[in-house]
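Structure first, then comments.
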Amino acid sequence: MAVTGYLAEFSLPELFQFLDQGHKTGLLTINGLSVDRNRNSQSHYIWVHEGRIVAAAASLDQKGLLSMISQRGWLSDRVVSRLAQVFSNKTPMGLCLKSHGLLEAEQLKVLFKSQVLRRVCALFQLQDGQFEFQTKVPLPLAEMTGLSVPATEATLMSLRALRDWTALKDKLPAPTSGLTSVITGQPRFRLDALEWQVWEFAKGTVSLEAIAQQLRLPVEKVQQAAFRLSVLSLAEEVPLIAPSPAQFKDNSVVAVPQLIQESVSKGSVSQSFLQNLVSFLRSKV
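Under the numbering used here, think of the first position of the sequence shown as 191, with each following residue one higher.
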């Protein structure tokens, strides 16, 4: 059974999160949508095994990996041609070459970074595209280095390197929203400095724009870091209700997040009430 859709409705980070958390195995095909209908859109193929990306290519001919090796001059065209003929399709090509002493482990890492990580990063620039995920598809052993990366980690690396966030602008949390942790303990991912700073505020009581002011950063940078934390399933956006400027003069008026936190500390509010309140606030946003 195939899963199809458009990136405008289901973003690439959300799609990779679905593949990773569901431990999916299969082929993800992405076709970029061109404004010019007379031009053929380029296809991108990403193979996933149990939620981990194992290979990526621009075609299905399974010649991409050997072509990259030949272009780097690591093996001659004659050797590459011979390998293509005798390859057994029982072991990933990269591991096969390594076991025969034709490539080193570091060379496989270079190939994987170029073949998979750079290609995946480029996909995050797509304004829109159509995707299809098929499960009953054999793995392309001739395209595989033997290395893999969790789809969510590939997303994190791609988002950190992303310069143009236009395609994901509508997916970013609102500046007036807060961020709350959805895990216990510390994150298992290696967060960068900004992600750690934003993570420290993930208590559901401070808006992203307030965090940006305190960190002296553009609010867009904080929104992007918060989005990355959400993609990693470390935190989620929560709506905040801020008092009006006139209400700030009235000491009897307390912002809802502060009121909730004080009530919880006093034990006067039940957990079910808090959950219902959050659901209500979300319905109003």
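In this text, a Cβ means the ideal position worked out from N, Cα and C, and glycines have one as well.
With a 10 Å radius around its C-beta and 16 neighbouring C-beta atoms as the bar for buried, classify residue i as buried or exposed.
| i | result |
| --- | --- |
| Val244 | buried |
| Asn228 | A caution first: Asn228 carries a pLDDT of 44, below 50, which makes its placement in the model too unreliable to give a value. |
| Leu449 | With a pLDDT of 41 at Leu449, under the threshold of 50, the predicted position of this residue should be treated as unreliable, and no value is reported. |
| Leu398 | buried |
| Phe373 | Phe is not the amino acid found at residue 373; the sequence shown has Ile there. By the neighbour-count rule (16 or more Cβ atoms within 10 Å), Ile373 is not buried but exposed. |
| Ala192 | exposed |
| Gly263 | exposed |
| Thr194 | exposed |
| Val276 | exposed |
| Ala295 | exposed |
| Gly375 | exposed |
| Gln305 | buried |
| Ser271 | exposed |
| Gly216 | buried |
| Val443 | The predicted model places Val443 with a pLDDT of 38, which falls under 50 and marks its position as unreliable; any figure quoted below should be read in that light. Exposed, by the Cβ-count rule. |
| Gly291 | exposed |
Among the options, which has the Cα closest to the Cα of residue i?
| i | options | result |
| --- | --- | --- |
| Leu316 | Phe208, Gln232, Val412 and Asp210 | Gln232 |
| Gln211 | Glu426, Glu333 and Arg242 | Arg242 |
| Gln324 | Val238, Ser338, Glu294 and Gly291 | Val238 |
| Leu329 | Ala198, Phe314, Asn279 and Leu265 | Asn279 |
| Tyr196 | Ala357, Ile401 and Leu384 | Ala357 |
| Phe417 | Thr281, Val193, Glu204 and Thr194 | Glu204 |
| Leu298 | Val396, Gln413, Ala351 and Glu333 | Glu333 |
| Asp382 | His213, Arg350 and Phe391 | Arg350 |
| Gln413 | Phe379, Lys359 and Gly394 | Lys359 |
| Pro365 | Pro340, Leu346, Lys326 and Pro408 | Pro408 |
| Lys361 | Pro340, Glu410 and Gly375 | Glu410 |
| Asn221 | Leu209, Ser249 and Lys288 | Ser249 |
| Ser338 | Arg378, Phe277 and Ala246 | Ala246 |
| Glu199 | Leu405, Gln320 and Ala415 | Gln320 |
| Ala274 | Asp251, Val306, Gln305 and Gly291 | Asp251 |
| Gln404 | Lys393, Val388, Leu419 and Ala415 | Val388 |
| Ser201 | Leu293, Asp318, Val269 and Leu265 | Asp318 |
| Pro265 | Met283, Leu293, Gly254 and Val327 | Note on residue identity: the sequence assigns Leu, not Pro, to residue 265. Of the candidates Met283, Leu293, Gly254 and Val327, the one whose C-alpha sits nearest the C-alpha of Leu265 is Leu293. |
| Phe206 | Glu322, Trp355 and Val327 | Glu322 |
| Ser348 | Ala425, Glu385 and Arg308 | Arg308 |
| Arg147 | Met283, Cys311 and Arg272 | The requested residue 147 is not part of the displayed model; the chain covers only 191 to 475. |
| Ser289 | Ala402, Thr335 and Thr395 | Thr335 |
| Ala425 | Lys393, Arg406 and Ala400 | Lys393 |
| Lys214 | Pro340, Val269, Lys253 and Arg268 | Pro340 |
| Leu476 | Arg378, Arg406, Val396 and Ile259 | Given that the chain is displayed from residue 191 to residue 475, the structure contains no residue 476 and the question cannot be resolved. |
| Trp355 | Met258, Phe391, Ala402 and Ala415 | Ala415 |
| Met258 | Phe302, Ala400 and Trp386 | Phe302 |
| Leu430 | Ser420, Ala402, Val396 and Asp267 | Val396 |
Residue i and residue j look like a contact to me (Cβ under 8 Å); what is the Cβ gap, rounded to whole Å?
| i | j | result |
| --- | --- | --- |
| Ser367 | Val300 | Actually they are not in contact, since the Cβ atoms of Ser367 and Val300 sit about 41 Å apart, beyond 8 Å. |
| Thr370 | Leu422 | Contact flag wrong, Cβ pair sits at about 14 Å. |
| Ile236 | Leu256 | About 19 Å separates the two Cβ atoms, so there is no contact after all. |
| His234 | Leu346 | Between Leu346 and His234 the Cβ distance is about 19 Å, and since that is not below 8 Å, they are no contact. |
| Leu331 | Pro377 | Their Cβ separation, rounded to whole angstroms, is 34 Å, which puts Leu331 and Pro377 out of contact at 8 Å. |
Using DSSP's beta-bridge definition, name the partner residues of residue i.
| i | result |
| --- | --- |
| Gly212 | Gly212 is not bridged to any residue. |
| Pro340 | Arg242 |
| Thr219 | Tyr235 and Glu322 |
| Ala192 | Gln324 |
| Ala247 | Tyr235 |
**Asked** At what residue ranges does the stretch 353-430 contain a whole run of the beta strand (DSSP E), taking only runs of 3 or more?
**Response** The stretch 353-430 contains these whole beta strand (DSSP E) runs: 368-371, 393-397 and 425-428.
**Message:** So within the stretch 276-304, which uninterrupted alpha helix (DSSP H) runs reach at least 4 residues, ignoring any that extend past its ends?
**Reply:** 283-289 and 295-302
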